[in-house]
Amino acid sequence: PLSAGWLPALQFVRRGSKAVTRHWKAMHFQRQKLMAVTEYLAPRPAVPPRCLAPRKETLEEDDGYVRLLRRQVEEVFRDNRMIAICQYNSMPDEDVVLMRHYLRKHNIEVKFVLNEIVRPVLSQSKYKNLLPLFVARNILLVSPETKAKEMLRVLKGVPQINLLGACIDDTILSRQGVENFAKLPSLEASQGQTAGALALLPSQTSSLLQRGSAHLTALLDQHIRRLQAGETGSPAEPAPAQSLGAH
Amino acid sequence: PSGPGDVAIPRAGLKKYVLPPDYSGITFPERPKLKFMDKVPAVPKVRREPRQLRDIRGPSREATDFTQGQYGILALGGGYLHWGHFEMIRLTIGRGMDPKTTFAIWRVPAPSKPVTRKSLGHRMGGGKGPIDRYVTAVKSGRLVVEVGGRCEFEEVKPFLAQVARKLPFPAVPVSRRGLQQMRREEEEKRLNNQNPWTFERVVAANMLGMRKYLSPRDLELKGRYWGKFFLKHRV
Chain X
27 PLSAGWLPAL QFVRRGSKAV TRHWKAMHFQ RQKLMAVTEY LAPRPAVPPR
77 CLAPRKETLE EDDGYVRLLR RQVEEVFRDN RMIAICQYNS MPDEDVVLMR
127 HYLRKHNIEV KFVLNEIVRP VLSQSKYKNL LPLFVARNIL LVSPETKAKE
177 MLRVLKGVPQ INLLGACIDD TILSRQGVEN FAKLPSLEAS QGQTAGALAL
227 LPSQTSSLLQ RGSAHLTALL DQHIRRLQAG ETGSPAEPAP AQSLGAH
Chain S
1013 PSGPGDVAIP RAGLKKYVLP PDYSGITFPE RPKLKFMDKV PAVPKVRREP
1063 RQLRDIRGPS REATDFTQGQ YGILALGGGY LHWGHFEMIR LTIGRGMDPK
1113 TTFAIWRVPA PSKPVTRKSL GHRMGGGKGP IDRYVTAVKS GRLVVEVGGR
1163 CEFEEVKPFL AQVARKLPFP AVPVSRRGLQ QMRREEEEKR LNNQNPWTFE
1213 RVVAANMLGM RKYLSPRDLE LKGRYWGKFF LKHRV
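Chains X and S supply the protein sequences, listed in that same order.
According to our numbering, the first sequence holds residues 27 to 273 in order.
According to our numbering, the second sequence holds residues 1013 to 1247 in order.
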């Protein structure tokens, strides 16, 4: 049982300033030591982050504009038969307009595309082998018909545009391939050629079948002529007529 | 893209169109400018109050988060704001902001605590001095004013920083995101501290009899506060 009066277990310090002061109150040395011991220690990873490769935090916000451009590129690759990729060096604007005009006459459109849009589209479609061409500035010449000769003629007059490659009818051609393709005869001519080549043999069947009887008639005609030539000496007409009637 | 010899070739990519900021959920108060605060409350106090400095000490419990505005001034220490400070804040912010697009609101009440002062040149004794002025107590971590409206932080920061410099305690202009970031960083610091000895651990277990040299309030203050000062670098 506690007595009537009791002393508190802790004796608070009665001297000095209050807890909250305008100046920085001097700490007890023990408190200073405690503050020094319990300071914050930053974590030190084994490999400093400076030596590691920087993490590229690319936030890919799906831009509507990017989606639209990608859709346009996909349409281009789907709708046109001939797609030629050319390197584009800076040209004066009027030359660009002239070139576009000449190509438009042959129904070839000039499209300026950004590599950062075309590359993902191509890598997911079947045109993976066209990827190494889409580096640095380039333009696309697209057309629903395959007029390689006219295109090459126009491009020859424009030194700043160099043909890198083309994709004609889903076949990838290099520059040489395009030139060879241009040298080929046109589609109609080659079709006519193949039709003629195919029709060659059937046209011979009728002459083949009639060859036997034609040979016989030729021989008989020759015989008649020989007999007629010999008849000037002696008349022997009824003999060949009898032999003809017998056969 | 780097060319031969690892020289970067500058190329123009696709232009990313940034949408303008969306100010849809902002409600403007009736008066955009800061209200005038009285020097003396409507009913002046007759009885002189003891000097309870514990209203300066420690972290703040009220007005720690944003309500209406997006940017504000955060107090990083305790102190008293008197009428001179209120006028300075009101006029500086009123001069800096555009009342058509931005608004500002007080987050501290009008001065209500009477503070006495004895006349100069007299010796100690003779009773408590008369009431000199009225003040409001501000603890650290409290917002003083809030600014909002159709504006960006960069527009508001100059005059808020000007005000923050003139306050009697250290203060800093802060936005909603900045405050969140500050709190997150504090939390991270607390979690990834490599020191196994923390102030609160030592105090809670009374290691080495440390509580003899510490105040009973150090259990809650955890070594981050000393008097009216807030020690930012402590964990």
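For each residue, glycine too, the CB sits at the ideal point set by N, CA and C.
Would a check of beta-carbon distances place Leu1026 (chain S) closer than 8 Å to chain X? Position 14 of the second sequence holds residue 1026 (chain S). So yes, Leu1026 (chain S) belongs to the interface.
Less than 8 Å separating the beta-carbons of Leu1155 (chain S) and Arg1119 (chain S)? Within the second sequence, numbered from 1, the residue matching residue 1155 (chain S) stands at position 143. Within the second sequence, numbered from 1, the residue matching residue 1119 (chain S) stands at position 107. Yes.
Should Ser116 (chain X) be counted as a contact of the ligand HEM given a C-beta to heavy atom distance under 7 Å? Ligands displayed in this structure: none; no statement on the ligand HEM is therefore possible.
From X:Ser212, X:Ala110, X:Ala225 and X:Cys77, pick the residue whose C-alpha is nearest to that of Gln202 (chain X); which is it? Position 176 of the first sequence, counted from the start, is the residue given in the question as residue 202 (chain X). Comparing alpha carbon positions, the residue from X:Ser212, X:Ala110, X:Ala225 and X:Cys77 closest to Gln202 (chain X) is X:Ala110.
Residue from S:Gly1139, S:Phe1048 and S:Pro1033 whose Cα sits closest to the Cα of Phe1165 (chain S): Working through the second sequence from its first residue, we reach residue 1165 (chain S) at position 153. Checking every option, the nearest Cα to that of Phe1165 (chain S) belongs to S:Pro1033.
The alpha helix (DSSP H) enclosing Lys1125 (chain S), as first and last residue numbers: Numbered from its first residue, the second sequence carries residue 1125 (chain S) at position 113. From DSSP, Lys1125 (chain S) is part of no alpha helix (DSSP H) but of the beta strand (DSSP E) over Lys1125 to Thr1128.
Just the C-alpha distance for Gly1037 (chain S) and Pro74 (chain X), rounded to the nearest angstrom, thanks. Numbered from its first residue, the second sequence carries residue 1037 (chain S) at position 25. Numbered from its first residue, the first sequence carries residue 74 (chain X) at position 48. Those two C-alpha atoms are separated by around 44 Å.
CA-to-CA distance, Val139 (chain X) to Cys112 (chain X), given in whole angstroms: Within the first sequence, residue 112 (chain X) is the residue found at index 86, counting from 1. Within the first sequence, residue 139 (chain X) is the residue found at index 113, counting from 1. About 11 Å.
So Tyr114 (chain X) contacts chain S; which residues on that side make the cut at Cβ distance below 7 Å? Here residue 114 (chain X) refers to the residue found at position 88 of the first sequence. The contacting residues do not exist; Tyr114 (chain X) stays about 13 Å from chain S at best.
Using C-beta distances below 6 Å, list every residue in its chain close to Pro170 (chain X), excluding the 5 sequence neighbours before and after it, in chain order. What you label residue 170 (chain X) is simply residue 144 of the first sequence in a count that begins at 1. Non-local beta-carbon contacts of Pro170 (chain X) in its own chain, meaning distances under 6 Å to residues more than five positions away in sequence, involve Asn106 and Arg107 in chain order.
Closer than 9 Å by beta-carbon distance: list the chain X residues that pair up with Gln1206 (chain S), in chain order. Residue mapping note: residue 1206 (chain S) aligns to position 194 of the second sequence, counting from 1. Simply Tyr66, Leu67, Ala68, Pro69 and Arg70.
If Leu129 (chain X) sits next to Val180 (chain X), beta carbons under 8 Å apart, how far is it from one beta carbon to the other, in whole angstroms? What you label residue 129 (chain X) is simply residue 103 of the first sequence in a count that begins at 1. What you label residue 180 (chain X) is simply residue 154 of the first sequence in a count that begins at 1. Indeed they touch by this definition, with Cβ atoms about 6 Å apart.
Where does Lys137 (chain X) fall in DSSP's three states? Position 111 of the first sequence, counting from 1, holds the residue named residue 137 (chain X). In this structure, Lys137 (chain X) counts as strand in the three-state DSSP scheme.
Starting from the Cα of Asp1067 (chain S), find the closest Cα among S:Ser1124, S:Gly1096, S:Lys1045 and S:Ala1024 and give me that residue. The residue labelled residue 1067 (chain S) in the question sits at position 55 within the second sequence. Answer by Cα proximity: S:Ser1124.
Since Phe1115 (chain S) contacts Gly1153 (chain S) with CB under 8 Å, what's their CB separation in whole angstroms? Reading the second sequence from its first residue, position 103 is the one you call residue 1115 (chain S). Reading the second sequence from its first residue, position 141 is the one you call residue 1153 (chain S). At roughly 23 Å, the Cβ-Cβ gap does not stay under 8 Å, so Phe1115 (chain S) and Gly1153 (chain S) are not in contact.
Cβ contact check for the segment 115-133 of chain X and the segment 174-192 of chain X: 3 or more pairs under 8 Å: Touching, per the Cβ criterion.
With three or more beta-carbon pairs closer than 8 Å as the criterion, would you say the segment 51-63 of chain X touches the segment 1203-1222 of chain S? Touching, yes, given that three or more Cβ pairs across the two stretches are closer than 8 Å.
Taking the DSSP output, what are the residues bridged to Phe1242 (chain S)? Here residue 1242 (chain S) corresponds to residue number 230 of the second sequence, with the count starting at 1. DSSP output for Phe1242 (chain S) lists S:Tyr1237 as bridge partner(s).
DSSP state of Thr243 (chain X) mapped onto helix, strand, coil: Indexing the first sequence from 1 puts residue 243 (chain X) at position 217. Thr243 (chain X): helix per DSSP, three-state reduction.
Just reading off the beta strand (DSSP E) that Asn206 (chain X) is part of, what are its end residues? Here residue 206 (chain X) refers to the residue found at position 180 when the first sequence is read from its first residue. Element bounds for Asn206 (chain X): not the beta strand (DSSP E) but the alpha helix (DSSP H), Arg201 to Lys209.
Output needed for Leu157 (chain X): all residues of its chain with C-beta closer than 7 Å, excluding positions within five of it in sequence on either side, in chain order. Counting from 1 along the first sequence, the entry for residue 157 (chain X) is found at position 131. Answer for Leu157 (chain X): Arg145, Leu148 and Ser149, listed in chain order.
Quick one: which unbroken beta strand (DSSP E) runs of 3-plus residues sit fully inside the segment 56-104 of chain X? Chain order, please. Entirely contained in the segment 56-104 of chain X, not one beta strand (DSSP E) run reaches 3 residues.
Excluding the 5 residues preceding and the 5 following Val1078 (chain S) in the sequence, name in chain order all residues of the same chain whose CB lies nearer than 8 Å to its CB. The count along the second sequence starts at 1 and reaches residue 1078 (chain S) at position 66. Checking the displayed sequence, the identity of residue 1078 (chain S) turns out to be Phe instead of Val. Closer than 8 Å at Cβ, skipping near neighbours: Gly1084, Leu1155, Glu1158, Arg1188 and Leu1191.
Within chain X, partners of Ser1152 (chain S) - CB distance below 9 Å: Position 140 of the second sequence, counted from the first residue, corresponds to residue 1152 (chain S). Within chain X, not a single residue places a beta-carbon under 9 Å from that of Ser1152 (chain S); the smallest gap is close to 12 Å.
Ile111 (chain X): contacting residues in chain S (beta-carbon distance under 7 Å): As a first step, residue 111 (chain X) must be located in the first sequence, where it is residue number 85. What Ile111 (chain X) touches in chain S: nothing, since even the nearest Cβ is about 17 Å away.
Counting only C-beta atoms, is Val276 (chain X) closer than 8 Å to chain S at any point? Since the first residue of chain X shown is 27 and the last is 273, residue 276 (chain X) is not available in this structure.
Interface residues of chain S around Met61 (chain X) at Cβ under 7 Å? In the first sequence, counting from the first residue as 1, residue 61 (chain X) sits at position 35. Within chain S, the residues whose beta carbon sits less than 7 Å from that of Met61 (chain X) are Gly1235, listed in sequence order.
Should the segment 1053-1064 of chain S be called in touch with the segment 1100-1108 of chain S, which here means at least 3 C-beta pairs below 8 Å? Contact between the segment 1053-1064 of chain S and the segment 1100-1108 of chain S is absent, because fewer than three Cβ pairs lie under 8 Å.
Measure the alpha-carbon distance for Glu100 (chain X) versus Thr84 (chain X) and round it to whole angstroms. If you number the first sequence from 1, residue 100 (chain X) lands on position 74. If you number the first sequence from 1, residue 84 (chain X) lands on position 58. Roughly 25 Å between the two C-alpha positions.
How far does the beta strand (DSSP E) with Gly191 (chain X) in it extend, from its first residue to its last? Reading the first sequence from its first residue, position 165 is the one you call residue 191 (chain X). For Gly191 (chain X), the uninterrupted beta strand (DSSP E) run begins and ends at Ile187 to Ile194, by DSSP.
What is the C-beta distance between Leu178 (chain X) and Gly191 (chain X), in whole angstroms, given that I count them as a contact (C-beta under 8 Å)? The sequence position of residue 178 (chain X) within the first sequence is 152, counting from 1. The sequence position of residue 191 (chain X) within the first sequence is 165, counting from 1. About 13 Å; that fails the 8 Å criterion.
Looking at the C-beta of Gly1089 (chain S), does it have a partner C-beta in chain X at a distance below 8 Å? Sequence index remark: in the second sequence, residue 1089 (chain S) carries index 77 (1-based). False, the Cβ-Cβ gap to chain X never drops below 8 Å.
Alpha helix (DSSP H) containing Arg126 (chain X): first to last residue? In the first sequence, the residue the question calls residue 126 (chain X) occupies position 100. Start and end: Asp119 to Lys131.
Going by other Cβ atoms of all chains shown within 10 Å of its Cβ, with 16 needed for buried, is Phe160 (chain X) buried or exposed? Here the question's residue 160 (chain X) lines up with position 134 in the first sequence. Buried, because 16 or more other Cβ atoms sit within 10 Å of the Cβ of Phe160 (chain X).
Pairwise C-alpha distance: Ala1216 (chain S) and Leu1231 (chain S): In the second sequence, the residue the question calls residue 1231 (chain S) occupies position 219. In the second sequence, the residue the question calls residue 1216 (chain S) occupies position 204. So the alpha carbons of these two residues sit roughly 7 Å apart.
Relative to the C-alpha of Phe1241 (chain S), which residue among S:Gly1091, S:His1097 and S:Gly1137 is closest? Here residue 1241 (chain S) corresponds to residue number 229 of the second sequence, with the count starting at 1. A check of alpha carbon separations from Phe1241 (chain S) across S:Gly1091, S:His1097 and S:Gly1137 identifies S:Gly1091 as the nearest.
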